[in-house]
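**Student:** Throughout, the working numbering is defined as the position within the sequence shown, counted from one, plus 36.
Where a beta carbon is used, it is the ideal one built from N, C-alpha and C, also for glycine.
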Amino acid sequence: MIAASPGVPAAAPPPPVRPLLKWAGGKRQLLPHIRRFVPDHFPRYLEPFFGSGAVFFDLHSRGLLAGRPAILLDINADLVGCYGAVRDEPEAVIAALRRLARGHAQAPEAHYYRVRDGRFNPAREKRRHDGTIAYTPALAAMLIYLNRTGFNGLFRVNRQGRFNVPAGRYARPAICDADHLRRVSAALRGPHVRLALTSFDAVETLAQAGDFVYLDPPYVPVSRTAHFTAYTPCPFGPAEQARLQQIAIALARRGCGVLLSNSTAPDVARLYDGHPEAVAAGLRAYRVPARRAINARATGRGPVAEYLITNLPERETEPGAAGRC
Ligand SMILES: C[S@@+](CC[C@H](N)C(=O)[O-])C[C@H]1O[C@@H](n2cnc3c(N)ncnc32)[C@H](O)[C@@H]1O
């Protein structure tokens, strides 16, 4: 750290960049535990289940990605399209979002459904091609607006692929924080940041020895009622979880720093907690306390344990970490 000259106040650190979207399985509340395993040195950062990017934005905010390539992947075409538009045309997104905020202030619920059904879904449909959606700033602004004002910030599509989340009930939703949106844009615009619409398997060929790879798949449900897999029409079931385990093992053997989060469902325990191949590759399973956020019933949002599975050494202390289960 460079000391400020006498009499010259030190510049305030830039405000941290939070995720732009609310996202099922977002990892903000798990960050104190995740930070315990972030390595001091790594040439590149890879995150193949990007979602709202809580870990990427945390690493970025703490200056740990400066100059380091980051490869971010997700299979959700809306998410990748929206972040791409925010990265490339933040001012146009902000202008459109401000218009949406004004409309919302007049008649919140009616405005929500007019935007969702009359503008967002038809525009999205028109721009869908071959698994991708060519997001414009207007479409990105609508997704951010629906995400901030819709029920629980969910992203869900019906069988026809139409976004169908009902309106939420927020007294004063924060729809447009222009400065924050510019910071998100700048974080993604770095020359070393690559964001792509690709399945997680690609990480197997992309990752090299020394890379830090954070894997946060859709969780194995801990019970039938806790089931949530509505990010995309593609299922993430036992076959995908088993494939992910094999990739995590392959990356650990290759010399990558691997950190994976998942629920403590018995299927996850079988794949990692004492699994001979995983143990031989140096992967250990830690149970950490967490709070489940996506559940329609408030009673389903209590404290739970989650797994952090890693071959990385644990730091002695990390401020804010609340211990293990
Ligand atoms: C638990 S969320 C990640 C949350 C993220 N860590 C955050 O903080 O917001 C899982 C993500 O995996 C994505 N996903 C689901 N199946 C995938 C696949 N086959 N390949 C890549 N991403 C996938 C979903 O779209 C979702 O964004």
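In the DSSP assignment, what residue or residues form a beta bridge with SER297?
**Tutor:** Answer by DSSP bridge pairing, in chain order: LEU344.
**Student:** Can you say whether GLU83 is buried or exposed, counting buried as having 16 or more other CB atoms within 10 angstroms of its CB?
**Tutor:** Burial call: buried.
**Student:** Of all the options PHE187, ALA137, ARG192 and VAL91, which has the alpha carbon lying nearest to the alpha carbon of MET363?
**Tutor:** Outside the shown range of the chain, which is 37 to 361, sits residue 363, and nothing can be said about it.
**Student:** Could you compute how far the alpha carbon of GLY197 sits from the alpha carbon of SER297?
**Tutor:** Cα to Cα, GLY197 sits roughly 28 angstroms from SER297.
**Student:** Can you give me the C-alpha to C-alpha distance between PRO105 and GLU313, rounded to a whole angstrom?
**Tutor:** Cα-Cα distance, rounded: 30 angstroms.
**Student:** Taking ARG72 as the reference, give the member of LEU95, ALA301 and TYR148 with the closest Cα.
**Tutor:** Closest option to ARG72, Cα to Cα, is LEU95.
**Student:** Excluding sequence positions up to five away, which residues of its chain have a Cβ less than 7 angstroms from the Cβ of GLY318?
**Tutor:** ALA288 and ASN347, listed in sequence order.
**Student:** Cβ of PRO253 within 8 angstroms of any heavy atom in ligand 1?
**Tutor:** Yes, the beta carbon of PRO253 sits closer than 8 angstroms to at least one heavy atom of ligand 1.
**Student:** Buried or exposed: ALA40, going by 16 or more other Cβ atoms within 10 Å of its Cβ?
**Tutor:** With a pLDDT of 42 at ALA40, under the threshold of 50, the predicted position of this residue should be treated as unreliable, though the coordinate-derived value follows. Exposed, by the Cβ-count rule.
**Student:** Kindly give me the distance between the Cβ atoms of ASN183 and PHE191, rounded to whole angstroms, as I take these residues to be in contact under 8 angstroms.
**Tutor:** Yes, they are in contact, since the Cβ atoms of ASN183 and PHE191 sit about 7 angstroms apart, within 8 angstroms.
**Student:** According to DSSP, simplified to helix, strand and coil, what is ALA76?
**Tutor:** Here the sequence assigns Asp to residue 76, which means Ala is not the residue at that position. Coil at ASP76, not helix or strand.
**Student:** What are the boundary residues of the alpha helix (DSSP H) that includes PHE92?
**Tutor:** Start and end: 90-97.
**Student:** Using the beta-carbon count (16 or more within 10 Å), is LYS162 buried or exposed?
**Tutor:** When all chains shown are included, LYS162 counts as exposed.
**Student:** Mapping the DSSP letters down to three states, classify PHE199 as helix, strand or coil.
**Tutor:** DSSP places PHE199 in strand when its eight states are reduced to three.
**Student:** Given the structure, does SER88 come close to ligand 1, in the sense that its CB is under 8 angstroms from one of the ligand's heavy atoms?
**Tutor:** The answer is yes for SER88.
**Student:** Decide if the region 77-91 is in contact with the region 101-119; the criterion is three or more beta carbon pairs, one per stretch, under 8 angstroms apart.
**Tutor:** Contact between the region 77-91 and the region 101-119 is present, because at least three Cβ pairs lie under 8 angstroms.
**Student:** If you drop the 5 nearest sequence neighbours on each side, which residues of the same chain put their C-beta closer than 7 angstroms to that of GLY356?
**Tutor:** Bear in mind that a pLDDT of 48 at GLY356, under 50, signals an unreliable position, so the model cannot answer this.
**Student:** Confirm the yes/no value for this check: CB of THR300, any heavy atom of ligand 1, distance under 8 angstroms.
**Tutor:** Not under cutoff, so the answer is no.
**Student:** What are the uninterrupted segments assigned as alpha helix (DSSP H) that are 4 or more residues long and contained completely in the region 108-149, given in chain order?
**Tutor:** As far as the region 108-149 is concerned, its whole alpha helix (DSSP H) runs of at least 4 residues are 113-124, 126-142 and 144-149.
**Student:** Below 8 angstroms on the Cβ atoms is my contact criterion, and I expect GLN277 with ASP303 to pass it. Report the Cβ-Cβ distance as a whole number of Å.
**Tutor:** The Cβ separation is near 7 angstroms, so the contact holds.
**Student:** Counting pairs of Cβ atoms below 8 angstroms between the region 117-129 and the region 214-223, do you hit three or more?
**Tutor:** With a cut-off of 8 angstroms, the region 214-223 and the region 117-129 count as touching, because enough Cβ pairs lie within range.
**Student:** Would you kindly work out how many angstroms separate the C-alpha atoms of ALA332 and PHE92, rounded to a whole number?
**Tutor:** Note that ALA332 has pLDDT 49, beneath the 50 cutoff, so the model's placement of it is unreliable and the number below is only indicative. If you take the alpha carbons of ALA332 and PHE92, they lie about 27 angstroms apart.
**Student:** Between the C-alpha atoms of TYR36 and GLY61, what's the straight-line distance to the nearest angstrom?
**Tutor:** The chain is shown only over 37 to 361; residue 36 falls outside these bounds and no answer can be derived.
**Student:** Report the rounded CA-to-CA distance for ALA214 versus TYR148, giving the unit in angstroms.
**Tutor:** The straight-line gap from Cα to Cα measures roughly 20 angstroms.
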